[in-house]
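Asker:
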Amino acid sequence: IQLQQLLAHMSDRPTPKPRAHRKRYSAEELRLAIAGGQLINHYQPKVAFASGAITGVETLVRWDHPEDGLVFPDQFIDLAEECGLIDALTQTVLDSALKQARRWQAAELSLPLAVNVSMDNLTRLEFPELVEQRVAEAGIAPSYLTLEVTESRLMKNRLESLDILTRLRLKRFGLSIDDFGTGHSSLVQLRDIPFTELKIDRDFVRGAPNDASARAILEASLSMAQQLGMTTVAEGVEDLEDWDFLRARGVDVAQGWFIAKPMPADDLSAWIAAWEL
Ligand code: C2E
Ligand code: CA
Ligand code: CA
Ligand code: CA
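In full-length UniProt numbering, the protein residues as written are 114 to 390.
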């Protein structure tokens, strides 16, 4: 029986994916892509477990490359951070997301928006004002914008980013701690930074139904977030099993392929019209 259990456990491990075609892009190529409008946003819906209501969308950037087709962010975000292009990238993503939010508003679609920001964006003291200005220009209420920050990178420039995150929160933006459970300093940061939302990393979501340690991390994170009054989001909800399991655990919001893949803004209104739980 032990061997059987072990084998069952192992079969739940993700099988390593074949190496996707990867090309290394140069800083200059990326710079031109940002300046030339080749970065486009896709949007992935988030829905409430309890009601199925759409609670918002996450903005996920893609590079619409003239030769290589759609290039995913894991192929250029690090590069943007390394060569000082991340501020320009975030600006572009935010601006087109806000433009889109305005269109949704005009169409009477109330869709709170999440945008990913890099830790490297949180080193300039003027960042909160800059975001505030853009959001005001777009006619969007600050509470409609949540900034998602990846937890595993929060430790760098700790005091500086703490200050900037606090300023953003004082301006009423939502703050989400992304990929929770994968970093090292989770507890301390939850205490010090006024996060409004906690996103549990897909690894724990995927592992939880069958893996006791993933489940323990998930449950500890949830109860902590609940005690701190944060909204909890499970990312990477891929099937009915994930959905039922997380729903039963009292997670607030689901995001993942079970609900919808990230899609261009043009496809989103049709998806919303057709969506029912
Ligand atoms: P993330 O913020 O954790 O975003 C979730 C990732 O999981 C996205 O990958 C999304 O497409 C994918 N995903 C969503 N649902 C499922 C699911 O059910 N199963 C699986 N297997 N995957 C799912 P994507 O779009 O490739 O983005 C990867 C990462 O790149 C993001 O991870 C985020 O950290 C970063 N990123 C994306 N857009 C931006 C951006 O505009 N700025 C910055 N700084 N980073 C970004
Ligand atoms: Ca995110
Ligand atoms: Ca995430
Ligand atoms: Ca993740």
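Built from N, CA and C at the ideal position, the CB exists for glycine as well.
#1: Should the region 232-250 be regarded as contacting the region 279-289, the criterion being three or more beta carbon pairs within less than 8 Å?
#2: Just list the residues that DSSP pairs V346 with in beta bridges.
#3: For my contact list, P225 and T168 are in at a C-beta cut-off of 8 Å; report their separation, rounded to the angstrom.
#4: Note down the Cα distance separating Y156 from A220, rounded to an integer number of angstroms.
#5: Do V184 and V206 have their CB atoms nearer than 8 Å?
#6: Can you list, in chain order, the residues of its chain with a C-beta nearer than 8 Å to that of I385? Leave out the 5 residues immediately preceding and following it.
#7: Work out the CA separation of A321 and E171 for me, nearest whole Å.
#8: Use the C-beta contact count for I372: other C-beta atoms within 10 angstroms, 16 or more gives buried, fewer gives exposed.
#9: Say yes only if the C-beta of N229 is nearer than 7 Å to one or more non-hydrogen atoms of ligand 2, and no if none qualify.
#10: Report yes if the C-beta of D291 is less than 7 Å from at least one heavy atom of ligand 2; otherwise report no.
#11: Following the continuous alpha helix (DSSP H) through F371, name the residue where it begins and the one where it ends.
#12: Taking 7 Å as the line, does the beta carbon of E195 fall inside it for any heavy atom of ligand 2?
#13: Taking 6 Å as the limit between beta carbons, can you name the residues of its chain near D352, skipping five residues before and five after?
#14: Consult DSSP for S209 and reduce its assignment to one of helix, strand or coil.
#15: Using DSSP's beta-bridge definition, name the partner residues of W176.
#16: Buried or exposed: Q340, going by 16 or more other Cβ atoms within 10 Å of its Cβ?
#17: Below 8 Å on the Cβ atoms is my guess for D365 versus T345; work out the distance and round it to an integer in Å.
#18: Tell me whether R315 counts as near ligand 1, meaning its Cβ is closer than 7 Å to at least one heavy atom of that ligand.
#19: Give me the Cα-Cα distance between E242 and T263, rounded to the nearest whole angstrom.
#20: Tell me whether A210 is buried or exposed, calling it buried when 16 or more other Cβ atoms sit within 10 Å of its Cβ.
#21: To the nearest angstrom, how far is the alpha carbon of T236 from that of K312?
#22: Is the shortest distance between the beta-carbon of L303 and the beta-carbons of chain C less than 8 Å?
#23: Which same chain residues end up closer than 6 Å to K130 when comparing Cβ atoms and leaving out the 5 residues on each side of it in sequence?
#24: Any chance the CB of E351 is under 7 Å from a heavy atom of ligand 2?
#25: Do you know whose CA, among D305, L173 and V244, lies nearest P375's CA?
#26: Buried or exposed, going by whether 16 or more other CB atoms sit within 10 Å of the CB of residue 64?
Answerer: Taking the definition as stated:
#1: yes
#2: K312 and V366
#3: Contact between P225 and T168 holds: CB atoms are separated by about 7 Å, below the 8 Å threshold.
#4: A direct Cα-to-Cα measurement between Y156 and A220 gives close to 17 Å.
#5: no
#6: Only P158, I167 and L222 meet the Cβ criterion.
#7: 23 Å
#8: buried
#9: yes
#10: D291: yes, Cβ under 7 Å from ligand 2.
#11: Neither: F371 is in no alpha helix (DSSP H) and is coded neither H nor E.
#12: no
#13: Once the five neighbours on either side are set aside, the close Cβ partners of D352 are F371.
#14: Taken through DSSP and simplified to helix, strand or coil, S209 comes out as helix.
#15: L152 and V184
#16: exposed
#17: 5 Å
#18: yes
#19: 21 Å
#20: buried
#21: 23 Å
#22: This model lacks chain C altogether; it includes just one protein chain.
#23: Unreliable placement is indicated for K130, whose pLDDT of 44 sits below 50; the coordinate value is still reported in the next sentence. The answer is none, since no qualifying residue turns up.
#24: no
#25: L173
#26: As shown, the chain starts at 114 and ends at 390. That puts residue 64 outside it, with no answer to give.
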